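Reading through the structure tokens given below for one structure.
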Amino acid sequence: MAAVRDLYEILGISRDASPTEIKAAYRKLARTLHPDVNGDPADQERFKEITGAYEILADPAKRQRYDQFGSAGPQGAPFTDIQDLFDMFFGGGSGVRSRGPRTRARRGEDLRTHVPLSFAGSVFGEQKEIEVERLATCARCAGVGAEPGTSPIACRGCGG
2 MAAVRDLYEI LGISRDASPT EIKAAYRKLA RTLHPDVNGD PADQERFKEI
52 TGAYEILADP AKRQRYDQFG SAGPQGAPFT DIQDLFDMFF GGGSGVRSRG
102 PRTRARRGED LRTHVPLSFA GSVFGEQKEI EVERLATCAR CAGVGAEPGT
152 SPIACRGCGG
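Numbering-wise, this note's numbering comes out as the position in the sequence shown, counting from 1, plus 1.
Laid out in structure tokens, this is it:
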């Protein structure tokens, strides 16, 4: 497969385009390429491409991340198709797609706890508040393990 084109090139805009210019370029292309207007399969693929480019460039955080890493993932691996790029920005990992079938996120283990409750409380629907600890993605590094604006460095001991 061919490498992914630059998102700015896909929309036909410059890298310093304003949010208004990005939106206008997307709307202009979408009017001619939308599947409801144009039934050509090649144009339907192009519509998906411009929609994906717009979704990334219209969001300031995603645009900044794209501008930082360009058309390569955080580890410098090139994307093989547009889906790899979307995966990186929409929670699919580092931008490097595995060759096997995609797997769904696995459901976590059930939590069990003992909550003391009287008979009367259970009959009348007493509510109790409990605290549950859970793992969460770091807001600062987004789970990458590196300060914003820097690239993560693999551990020399384990490679992780």
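Heads up, the beta-carbon is just placed ideally off N, CA and C, and yes, glycines get one too.
Computed from a prediction, not measured in an experiment: that's the story for all the values here.
Identity of the residue in the options nearest residue i by Cα
{"i": "residue 118", "options": "112, 127 and 110", "result": "127"}
{"i": "residue 61", "options": "24, 6, 154 and 153", "result": "24"}
{"i": "residue 136", "options": "63, 109, 148 and 147", "result": "109"}
{"i": "residue 151", "options": "9, 66, 59 and 7", "result": "66"}
{"i": "residue 112", "options": "125, 7, 131 and 124", "result": "131"}
Collapsed DSSP secondary structure at residue i in the structure displayed
{"i": "residue 49", "result": "helix"}
{"i": "residue 68", "result": "helix"}
{"i": "residue 121", "result": "helix"}
{"i": "residue 42", "result": "helix"}
{"i": "residue 56", "result": "helix"}
{"i": "residue 175", "result": "Nothing can be reported for residue 175, as the shown portion of the chain is limited to 2 through 161."}
{"i": "residue 63", "result": "helix"}
Residue i: first and last residue of the uninterrupted alpha helix (DSSP H) it sits in
{"i": "residue 25", "result": "20-34"}
{"i": "residue 11", "result": "8-12"}
Spatial neighbours of residue i in its chain, beta-carbon cut-off 6 Å, leaving aside the 5 residues before and after
{"i": "residue 55", "result": "27"}
Any non-hydrogen atom of the ligand NAD closer than 7 Å to residue i Cβ
{"i": "residue 34", "result": "This structure simply doesn't include the ligand NAD, nor any ligand for that matter."}
Close-in-space but distant-in-sequence residues of the same chain around residue i (CB under 7 Å, 5 per side omitted)
{"i": "residue 13", "result": "26"}
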